[in-house]
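Take 108 as the starting number for the sequence shown in the working numbering and just add one per residue.
We put the beta carbon where it would ideally sit given N, CA and C, even for glycine.
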Amino acid sequence: MKVRSIGVGTGISIEKKSNKTKLDFSESFNQENRFKTKGELDLYIKEIKEIGEKLIATQSYNDVIKYKSAIKGYLKSVVDYVYSLNKNTSFWDGNYFTTVKMVNEKLDNMTRELMYEQKQNIDMASKIDEINGLLLDIYI
Numbered sequence: 108m109k110v111r112s113i114g115v116g117t118g119i120s121i122e123k124k125s126n127k128t129k130l131d132f133s134e135s136f137n138q139e140n141r142f143k144t145k146g147e148l149d150l151y152i153k154e155i156k157e158i159g160e161k162l163i164a165t166q167s168y169n170d171v172i173k174y175k176s177a178i179k180g181y182l183k184s185v186v187d188y189v190y191s192l193n194k195n196t197s198f199w200d201g202n203y204f205t206t207v208k209m210v211n212e213k214l215d216n217m218t219r220e221l222m223y224e225q226k227q228n229i230d231m232a233s234k235i236d237e238i239n240g241l242l243l244d245i246y247i
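What follows is the structure, encoded as structure tokens:
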């Protein structure tokens, strides 16, 4: 009975496949995270536009609060998704340097366009909020 020798090459190819799998999983996880965030931002944009149209029609304080909270949630998501914050320390002085790096420029442009488009609604929400604040001051 003859025993065949086992080659060393098969062990190396298995390791390469497992590394490839890890990279693919990491890439797919990051891609899925980007798609999830993009979908979340699209929902925020749709919600902001709907509440903005309702705000123009009703001009009620409840709609102002909803509109402001929708914009706040959208901007928080954008900041989390678009920008990354880097903190560096100077070796000599002990000073801290903070830099904000833009990760997704296209999304930043989209946010600027949305804010420009919704400027009238934001101004109206601000005026209604200011009037309610003045009424509250008079009441107190």
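Tell me whether glutamine 225 is buried or exposed, calling it buried when 16 or more other Cβ atoms sit within 10 Å of its Cβ.
Here residue 225 is taken as the residue at index 118 of the sequence shown, counted from 1. By the 10 Å Cβ count, glutamine 225 comes out buried.
State the DSSP-derived secondary structure class of serine 167, mapped to helix, strand or coil.
As a position in the sequence shown, residue 167 is number 60, starting the count at 1. It is coil, neither helix nor strand.
Any idea if asparagine 228 is buried or exposed, counting beta-carbon neighbours within 10 angstroms, 16 or more meaning buried?
As a working note, residue 228 is residue 121 in the sequence shown. It is buried - the Cβ of asparagine 228 has at least 16 other Cβ atoms within 10 Å.
What is the DSSP secondary structure of glutamine 225, reduced to helix, strand or coil?
Here residue 225 refers to the residue found at position 118 of the sequence shown. In the structure shown, glutamine 225 sits in coil (DSSP, three-state: anything other than H, G, I, E or B).
For valine 185 and aspartate 215, the rounded distance between their alpha carbons:
On the sequence shown, position 108 is the one that residue 215 refers to. On the sequence shown, position 78 is the one that residue 185 refers to. So the two alpha carbons sit approximately 8 Å from each other.
Short of 8 Å in beta carbon distance, which residues of its chain neighbour glycine 180, apart from the five on each side in sequence? Order them along the chain.
Position 73 of the sequence shown, counted from the start, is the residue given in the question as residue 180. These residues qualify, in order along the chain: Tyr151.
Rounded distance between the beta-carbons of leucine 162 and tyrosine 174, thought under 8 Å
Sequence index remark: in the sequence shown, residue 174 carries index 67 (1-based). Sequence index remark: in the sequence shown, residue 162 carries index 55 (1-based). About 5 Å; that satisfies the 8 Å criterion.
Would you decide whether tyrosine 188 is buried or exposed? Buried here means 16 or more other CB atoms lie within 10 Å of its CB.
Counted from its first residue, the sequence shown places residue 188 at position 81. Buried is the call here.
Quick check on aspartate 170: buried or exposed, where buried means 16 or more other Cβ atoms within 10 Å of its Cβ?
Translated into the one-based positions of the sequence shown, residue 170 becomes position 63. Answer is buried; the Cβ neighbour count reaches 16.
Let me check understanding here. Comparing Cα to Cα, which of Asp149, Thr165, Ile172 lies closest to serine 233?
In the sequence shown, residue 233 corresponds to position 126, counting from 1. If we check each option's Cα against that of serine 233, Ile172 comes out closest.
Tell me the rounded alpha-carbon separation between glycine 159 and aspartate 236.
If you number the sequence shown from 1, residue 159 lands on position 52. If you number the sequence shown from 1, residue 236 lands on position 129. Rounded to whole angstroms, glycine 159 to aspartate 236 spans 15 Å at the Cα level.
Quick check: what's the CA-CA separation for glycine 146 versus methionine 217?
If you number the sequence shown from 1, residue 146 lands on position 39. If you number the sequence shown from 1, residue 217 lands on position 110. Each residue's Cα considered, the two are about 14 Å apart.
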